[in-house]
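Taken in order, the sequence shown gives residues 35 to 430; the numbers are from this note's numbering.
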Amino acid sequence: MGKSLAINAGSSTLKFKLFQMPEESVIAEGAIDRIGLGNSLVEIKYGDGEKYKTTQDVNDHKEAIQLMLDQLTKLEIITDFNEITGIGHRVVAGGEEFKDSAVIDDDVLQKIKDLAEYAPLHNPAAAMGIEAFKKILPNVLSVAVFDTSFHTSMPEVNYMYSIPYEYYEKFGARKYGAHGTSHRYVANRAAAMLGKPLKDLKLITMHIGAGGSITAIKDGKSYDTSMGFTPLAGIEMATRSGDIDASLVAYLMEKLNIDKPSDMINILNKKSGLVGVSGVSADMRELEAVQDKNHRAKLARDMFINRIVRYVGAYLAELGGADAIVFTAGVGENDIMIRQEVADKLTYFGIGVDPEKNNIRGVERDLSVAGSKIKTLLIPTDEELMIVRDIERLRK
C-alpha cells in the first residue's frame, strides 16, 4: 500500500523509523542530532545491517526532514516521496484534550502548541516537526500520537492531587502520566501471550529505561500510573529524582541560594536519580560493574529496585491482584539482575522469575517459575509500531 514514518522530534533532534505497510516491516531508521547546533550527526540504518553516517550542519527541522528524505532517496530506500502515505508524530502532552491519537489539522496543531506549558521541552519541538513535514509533504496524512492519551482513562480518585480543587479547574493541575504508547503496546502483547482478551486482564506494566514509569491496567485501560503532572514523578530514574517531598524542594532552594524554580527543577530532572545518588553514572550497566566496590553505586541500584517494588506492591493492592507484571524498555528488557531482584522481592504475591528463563536480553518471553500465581513477562516495547498502526486506524 505505502510507507509510513514514525517521527519523534526533539528540540535539537529528529528520530525516525520507516515502515512498509501493511506488512509493518521496518525498512529504515535513524536520527539527526544537534540540529541548529553545528556539526549535526546524521545516521540511517537500512537493508541488511547497512549504515549511512555523516556529519554536516543542519540549521532547522525543515532542513533536517528534507535531508532525511533526500538521503532515503539517494540510498534507494524510497524512489519517490509519494511512496510515503502516512506520518505519525510522537507528542508528549495531550492534556485532557486528547483521549486518543488524532489526525492533525490546524486546530489539532494549535492545541499541541497550547499544551506546551505541560511539556515545554517536548511539545514545541513536536510542533516544529509537524509544521516542517506539512511544508514538504502537505498532502500526506499526519497523525499525532500522545504519550498521555492512554492515561486519560484513569479514575478521578487516581489522577487528582490533594490540593485546592480549583487549581485543577483553573490550571489543569492533575496527574497526566507518560509512556502511554509503550504501556499500550506491551499490554496488548501481554494479552496475546496470555491468550486472553485485554479487557479481562489486570496487568502492571513497567517501562523502565532512562525514564521509568509503572502503570496499573484494569479492563484494558490505564487505572493508575507513577508519573505525575510531568515525567519527573514516580520511581527513581537515570537523572530524575522521582517522588520527592515538595517541602524539601523549598528547603534546598534556600540552602543552595536558588531563586528560580526552573533551576531547581533542572537539578531534579538532570542531576538526580541514579547519577545523583551514585555520583558515578546514569547508566545502570556502569553502576552494576562497580557496585561491589562502590557503596553509592549499589545504593542507587537498591533504591531503584526499592521504588519499583513499592509501586508494584501498591498497584497490586489497588487492582486486587494481577494476572501478570511486564518488564519493558531499556533496563527492563536488558538488565537481567534488576528483573530478578525485583521479582525476588515480590514472591509474597505469588510472583517468581526462573533464573534460566530470565538469562536473556530483549526477547519476548514468559519468565515465570512454574506455578506462579502472577506471570512475569518480558516484552520489548515498540512505540513506533503503535504510531504507524494508529495512522492506519485513523485513515479508515
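Ideal placement from N, C-alpha and C gives every residue a C-beta, glycine not left out.
Just the Cα atoms here: how many angstroms apart are residue i and residue j?
i: His-241; j: Asp-181; result: 13 Å
i: Val-92; j: Lys-289; result: 42 Å
i: Leu-333; j: Val-309; result: 11 Å
i: Glu-58; j: Leu-419; result: 7 Å
i: Glu-63; j: Gly-355; result: 39 Å
i: Ile-238; j: Ile-251; result: 6 Å
i: Arg-341; j: Ala-348; result: 11 Å
i: Glu-130; j: Arg-218; result: 18 Å
i: Met-318; j: Val-365; result: 7 Å
i: Ser-74; j: Leu-235; result: 46 Å
i: Tyr-195; j: Tyr-86; result: 48 Å
i: Phe-361; j: Ile-413; result: 6 Å
i: Ser-306; j: Met-298; result: 11 Å
i: Ser-275; j: Arg-330; result: 15 Å
i: Ile-111; j: Asp-139; result: 29 Å
i: Asp-94; j: Thr-410; result: 44 Å
i: Tyr-345; j: Ser-296; result: 27 Å
i: Ile-164; j: Gly-384; result: 47 Å
i: Ser-216; j: Val-422; result: 13 Å
i: Phe-205; j: Ala-150; result: 13 Å
Measuring alpha carbon to alpha carbon, tell me which residue in the options is nearest residue i.
i: Val-397; options: Ile-385, Tyr-382, Phe-383 and Asp-416; result: Asp-416
i: Leu-155; options: Val-179, Ala-43 and Gly-83; result: Ala-43
i: Gly-214; options: Asp-258, Lys-379 and Ile-408; result: Asp-258
i: Ala-65; options: Gly-83, Thr-89, Pro-56 and Ile-339; result: Thr-89
i: Lys-168; options: Thr-186, Val-283, Lys-133 and Ile-121; result: Ile-121
i: Phe-184; options: Ser-196, Thr-249 and Val-137; result: Thr-249
i: Asn-368; options: Tyr-345, Val-343, Asn-328 and Glu-322; result: Glu-322
i: Ser-135; options: Val-346, Ser-176 and Lys-96; result: Ser-176
i: Pro-265; options: Met-287, Tyr-152, Val-324 and Asp-336; result: Tyr-152
i: Ala-178; options: Met-194, Asp-141 and Ile-78; result: Asp-141
i: Lys-255; options: Lys-391, Asp-357, Pro-189 and Arg-208; result: Pro-189
i: Lys-79; options: Tyr-193, Met-102, Asp-94 and Ala-98; result: Met-102
i: Glu-426; options: Met-55, Lys-51 and Phe-50; result: Met-55
i: Met-227; options: Gly-36, Asp-400 and Arg-429; result: Asp-400
i: Gly-262; options: Asn-300, Asn-192, Asn-291 and Ala-98; result: Asn-192
i: Glu-97; options: Ser-296, Val-137 and Ile-170; result: Ile-170
i: Lys-37; options: Lys-147, Ile-146, Asp-293 and Thr-113; result: Thr-113
i: Ser-247; options: Gln-325, Asp-277 and Asp-253; result: Asp-277
i: Ile-99; options: Tyr-202, Ala-166 and Asn-393; result: Ala-166
Check for me: the alpha helix (DSSP H) holding residue i runs from which residue to which?
i: Ala-159; result: 157-170
i: Glu-367; result: 363-368
i: Val-422; result: 417-429
i: Asp-297; result: 295-304
i: Leu-290; result: First-last for Leu-290: undefined, no H or E at that position.
i: Ser-402; result: No alpha helix (DSSP H) holds Ser-402; DSSP gives it neither H nor E.
i: Ser-312; result: 307-312
i: Glu-190; result: 190-193
Using the three-state DSSP reduction, which class does residue i fall into: helix, strand or coil?
i: Thr-264; result: coil
i: Phe-50; result: strand
i: Ala-347; result: Per the sequence shown, the amino acid found at residue 347 is Gly instead of Ala. Here Gly-347 sits in helix by DSSP.
i: Lys-147; result: helix
i: Glu-130; result: coil
i: Asn-393; result: coil
i: Ala-331; result: helix
i: Val-387; result: strand
i: Leu-282; result: helix
i: Glu-84; result: strand
i: Ala-136; result: strand
i: Lys-233; result: helix
i: Ala-377; result: helix
i: Tyr-257; result: strand
i: Thr-119; result: strand
i: Tyr-67; result: Residue identity differs from the one stated: residue 67 is Asp in this sequence, not Tyr. Three-state result, Asp-67: strand.
i: Met-337; result: helix
i: Ser-187; result: helix
i: Glu-77; result: strand
i: Ile-342; result: helix
i: Met-240; result: strand
i: Met-55; result: strand
i: Ile-372; result: helix
i: Val-92; result: coil
What residue does the beta strand (DSSP E) around residue i start on, and which one ends it?
i: Lys-96; result: Careful: Lys-96 lies outside any beta strand (DSSP E), inside the alpha helix (DSSP H) at 95-108.
i: Tyr-219; result: Segment 214-228 is the alpha helix (DSSP H) holding Tyr-219; no beta strand (DSSP E) there.
i: Lys-204; result: It is not in any beta strand (DSSP E) - Lys-204 instead sits in the alpha helix (DSSP H) that spans 199-205.
i: Ala-323; result: Careful: Ala-323 lies outside any beta strand (DSSP E), inside the alpha helix (DSSP H) at 318-324.
i: Asn-42; result: 36-43
i: Ser-247; result: 246-252
i: Val-179; result: 175-180
i: Thr-410; result: 409-412
Taking 6 Å as the cut-off, is the CB of residue i close to at least one heavy atom of the ligand SAH?
i: Tyr-345; result: The ligand SAH is not part of the structure shown, which contains no ligands of any sort.
Three or more C-beta pairs below 8 Å linking the segment 156-163 and the segment 116-130: yes
Validate contact between the segment 364-378 and the segment 237-256 using beta carbons, cut 8 Å, 3 pairs: yes
The segment 400-416 contacting the segment 269-288, beta-carbon criterion three pairs below 8 Å: no
Touch test, the segment 45-53 against the segment 68-79, Cβ-Cβ under 8 Å, three pairs minimum: yes
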